[in-house]
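Residues are numbered in this note's numbering as their position in the sequence shown, beginning at 1, plus a constant of 17.
To start, the structure under review is shown below, and the notes come after it.
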Amino acid sequence: MKTHLSRRRAAASEVDRSAGNCGVARRRREDGAPSGWDRYVALLERERIPESARRWYVLRAQAFVEAMRPKRLGELTAEEIKAFFPRYAREQRLSDWQYRQTVEAVQLLLVQLGACPAAQQVEWDFLVEAGQVLPADHPTRMGAVTPAAVIDGSPRYSAATTDRPLLKQLAQVLRAGHYALRTEQTYVDWCHRFVRYLEGDARHPPGDYSSVGATEVQRFLTHLAVDRQVSASTQNQALNALVFLFRHVLERPLDDMRFGRAKATQRLPVVLSTDEVRALLDALTGTPALLARLLYGTGMRLMEGVRLRVGDLDFDHRRIVVRNGKGGKDRVVPLPERLMEPLRAQLGRVAVLHEEDLAGGAGFVYLPHALARQAPNAPREWIWQYVFPSARLSADPKAGVVRRHHLHEAGFQKVLKAAGQQAQIAKRVNSHCLRHSFATHLLQAGYDIRTVQELLGHQDVATTMIYTQVMNRPGVVPVRSPMDVL
């Protein structure tokens with residue numbers, strides 16, 4: 018069985034205990050052989066599905082069989098199997114554990130009992146992850162709420178943080194400046210740590226920052242490097258947050274400071290060879306394969322990929338517009354010709370799902386708050402739908418709106434890592450190594466560094482230059498070890 022089957026006990030423990038025993042009649046055929054459902058229940062026993070949960074497994078599997086009629090199970094295609102789960106999740110309003118249970122119940126029926134040959138082509142692990150909804154503090158969801166809601170009621174900020182007027186003011190300034198939500202979260206978090214550090218010093222009364230300046234910041238940054246032993250990048254992150262706080266909130270720019278610097282270490286990016294990329298992509302199927310090919314073929318970051326909307330794909334000009342990338346900038350990347358037909362097929366599946374959502378009174382997606390306010394009908398329009406939607410709808414109890422957001426990026430990362438292990442790639446495989454490989458392979462093909470910089474969306478070409486350290490540069494003879502000439 019796939020790895021997600023090992024999680025059945027956690028899901029089964031949440032079933033309604035009042036459901037009682039399985040309650041499935043074990044009917045025999047006239048010749049005395051076990052019936053199909055009789056064999057299914059026996060399989061549940063062998064797989065050690067808790068007795069209290071078996072009834073629900075049977076009900077989920079029976080719902081699948083009924084939904085597929087008049088087709089026989091053996092006649093189903095992989096696409097027909099996968100299309101069932103978003104529809105069933107919407108109709109039944111399944112919770113996370115119920116959705117996982119449904120996928121497992123159908124997998125046991127089709128794969129373990131051998132009821133459908135096409136089931137072997139279904140990426141079952143990814144189907145489970147595709148049902149994961151975005152948490153309330155996910156950056157995508159946070160972009161759809163008002164600044165006041167973020168500051169006053171978001172789970173991203175603890176009560177201790179928002180109770181401090183200085184930090185609330187910082188959050189307001191960041192939001193007014195349209196900074197990325199991750200930047201906002203990071204800056205508020207570091208300034209919160211700084212404030213707590215000051216509260217341990219009797220020389221500074223709580224809430225009084227009139228005497229706080231460069232000296233206190235220097236001590237805090239030295240404390241991070243010496244006592245906390247943070248990395249250089251982490252220390253720089255804290256410094257950037259405090260510089261912003263003093264310049265834009267306290268309105269007292271920090272002078273040049275000297276403080277203990279964390280030791281800087283340069284790590285080369287993980288780059289796959291073309292053979293390794295090919296092996297990795299061959300180990301993937303379905304939606305994960307398409308998304309992985311898109312990330313490698315365009316150099317997009319994972320969040321840029323999962324947030325792609327229908328209107329971002331320009332088939333006529335063979336390009337993709339990456340909206341609101343790192344630093345809030347848009348850029349254009351090439352749409353690989355080999356992915357045009359797979360993407361059109363993906364949009365066809367999304368269109369069917371969207372039409373069903375609209376018919377059921379849903380069809381909304383998340384949009385930035387300002388855009389959603391200016392164009393209230395936009396969240397249901399086709400061009401704003403996600404290219405890679407989640408399998409489950411997400412209810413927003415405060416707004417009273419049911420939306421379908423994009424795939425959760427963590428689910429794809431799990432599947433990609435497993436594919437790297439299956440392909441026996443002895444490197445740390447994740448979505449970012451596809452971006453690194455894209456850049457390195459372009460440079461190896463002779464493209465200039467400025468072109469690669471623009472495609473990656475780097476602000477400084479020095480960031481792109483690191484890829485020249487992991488390739489055999491044109492005009493440079495690779496060093497041959499003396500060991501190889503003995």
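Built from N, CA and C at the ideal position, the CB exists for glycine as well.
If you're wondering where the values come from, they're calculated on a predicted model, not measured in any experiment.
**Cut-off 6 Å between Cβ atoms - residues of its own chain near Arg-89, not counting five sequence neighbours on either side** = None.
**Message:** Can you give me the C-alpha to C-alpha distance between Glu-96 and Val-145, rounded to a whole angstrom?
**Reply:** Between Glu-96 and Val-145, the C-alpha separation is close to 15 Å.
**Asked** Secondary structure at Phe-263, three-state DSSP: helix, strand or coil?
**Response** In the structure shown, Phe-263 sits in a helix (DSSP, three-state: H, G or I).
**Request:** Pull up the CB-CB distance for Asn-367 and Gln-402, whole angstroms please, since I reckon it's below 8 Å.
**Result:** A quick correction: the sequence has Val, not Asn, at residue 367. Correct: roughly 6 Å between the Cβ atoms.
**Asked** Going straight from the alpha carbon of Ala-395 to that of Ala-389, what length do you get?
**Response** So the alpha carbons of these two residues sit roughly 7 Å apart.
**Prompt:** Shorter than 9 Å from the beta carbon of Leu-307 to some beta carbon of chain B?
**Reply:** Although the question refers to chain B, the structure presented lacks it and comprises just one protein chain.
**Request:** State the Cα-Cα distance for the pair Ile-168 and Leu-151, rounded to the nearest angstrom.
**Result:** Residue placement at Ile-168 is poorly supported in this model, since its pLDDT is 43, which falls under 50; the coordinates still yield a value, given next. Cα-Cα distance, rounded: 19 Å.
**Request:** For Ala-412, write down the residues that DSSP places opposite it in a beta bridge.
**Result:** In DSSP, Ala-412 forms a bridge with Val-419.
**Prompt:** Any contact of the stretch 333-349 with the stretch 454-464, i.e. 3+ C-beta pairs under 8 Å?
**Reply:** Because the criterion of three Cβ pairs below 8 Å is not met, the stretch 333-349 and the stretch 454-464 do not touch.
**Request:** Can you tell me the Cβ-Cβ gap for Leu-301 and Ala-309, rounded? I've got them flagged as a contact below 8 Å.
**Result:** Ala-309 and Leu-301 do touch by the CB rule: their CB atoms are close to 6 Å apart, below 8 Å.
**Prompt:** Does the Cβ-Cβ distance between Asp-292 and Ala-258 come in under 9 Å?
**Reply:** Between Asp-292 and Ala-258, the C-beta gap is not smaller than 9 Å, which leaves the two residues out of contact.
**Request:** Can you give me the start and stop residues for the beta strand (DSSP E) that Arg-348 sits inside?
**Result:** Arg-348 -> beta strand (DSSP E) spans 348-351.
**Request:** Assess, as a yes-or-no matter, whether the stretch 101-118 is touched by the stretch 431-450 under the definition of 3 or more beta carbon pairs within less than 8 Å.
**Result:** Verdict: no, contact absent.
**Asked** CB Gly-474 to CB Gly-344, shorter than 9 Å?
**Response** Taking 9 Å as the Cβ cut-off, Gly-474 and Gly-344 qualify as a contacting pair.
**Message:** Using CA atoms only, rank isn't needed, just tell me which of Asp-299, Ala-436, Ser-227 and Val-382 is closest to Val-15.
**Reply:** Coverage of the chain is limited to positions 18 through 503, which leaves residue 15 absent and any answer about it impossible.
**Request:** Have a look at Glu-471 and Gly-303 and give me their C-alpha separation to the nearest angstrom.
**Result:** Their Cα atoms are separated by approximately 30 Å.
**Message:** Beta-carbon within less than 6 Å of Val-288's beta-carbon, same chain only, minus the 5 sequence neighbours each way: which residues are those?
**Reply:** Result list for Val-288: His-453, Ser-454, Thr-457 and Val-487, in chain order.
**Item:** Terminal residues of the beta strand (DSSP E) in which Ile-466 lies
**Value:** Not the beta strand (DSSP E): Ile-466 falls in the alpha helix (DSSP H), residues 466-473.
**Asked** Who are the near neighbours of Leu-325 in its chain, counting only those whose CB is closer than 6 Å to its CB and skipping five residues on each side?
**Response** Val-404, listed in sequence order.
**Message:** Assuming contact is defined by CB atoms lying nearer than 9 Å, are Leu-125 and Leu-76 in contact in what I supplied?
**Reply:** Leu-125 places its beta carbon 9 Å or farther from that of Leu-76.
**Asked** Who are the near neighbours of Glu-321 in its chain, counting only those whose CB is closer than 7 Å to its CB and skipping five residues on each side?
**Response** In its chain, beyond the 5 residues on either side, Val-339 and Gly-342 have a beta carbon closer than 7 Å to the beta carbon of Glu-321.
**Residue of Gln-476, Ala-132, Asp-244 and Val-478 minimising C-alpha distance to Glu-92** = Ala-132 is the residue among Gln-476, Ala-132, Asp-244 and Val-478 whose C-alpha sits nearest the C-alpha of Glu-92.
**Prompt:** If you draw a straight line from the C-alpha of Ala-412 to the C-alpha of Gly-428, how long is it?
**Reply:** In a straight line, the C-alpha of Ala-412 is about 20 Å away from that of Gly-428.
**Cα-Cα separation, Arg-173 to Thr-200** = Reliability of the predicted coordinates at Arg-173 is poor, the pLDDT of 45 falling under 50, and the value obtained from them is presented with this limitation in mind. Roughly 12 Å separates the two Cα atoms.
**Prompt:** For Pro-406, which residues does DSSP report across the bridge?
**Reply:** Answer is His-423.
**Item:** Neighbourhood of Leu-298 by C-beta, 7 Å cutoff - its chain only, sequence neighbours within 5 removed
**Value:** The beta carbon of Leu-298 sits closer than 7 Å to those of Ala-306, Ala-309 and Arg-310, all from its chain and outside the five residues before and after it, given in chain order.
**Message:** Using C-beta distances below 8 Å, list every residue in its chain close to Ala-379, excluding the 5 sequence neighbours before and after it, in chain order.
**Reply:** Only residues of its own chain outside the window of five on either side were considered, and among them Arg-107, Leu-410, Val-419, Arg-420 and Arg-421 have a CB closer than 8 Å to the CB of Ala-379, listed in chain order.
**Request:** Mind checking who Val-338 pairs with in its DSSP beta bridge?
**Result:** Residue pairing by DSSP places Val-338 opposite Val-349 in a beta bridge.
**Message:** Using a Cβ-Cβ cutoff of less than 6 Å, which residues in the same chain neighbour Arg-445 once the five nearest sequence positions on both sides are dropped?
**Reply:** Only residues of its own chain outside the window of five on either side were considered, and among them Val-287 have a CB closer than 6 Å to the CB of Arg-445, listed in chain order.
**Asp-331, DSSP secondary structure in three states** = Look at Asp-331 here: in three-state DSSP terms it is strand.
**Asked** By Cβ distance, which residues of its chain are closer than 6 Å to Arg-335, with the 5 residues on each side in sequence left out?
**Response** Residues Leu-352 of the same chain have their beta carbon placed closer than 6 Å to that of Arg-335, with the five preceding and five following residues left out of the count.
**For Gly-377 and Phe-263, the rounded distance between their alpha carbons** = In this structure, the alpha-carbon of Phe-263 lies about 51 Å from that of Gly-377.
**Span separating the alpha-carbon of Met-85 from that of Ile-400** = Looking at the two C-alpha atoms, the distance is approximately 30 Å.
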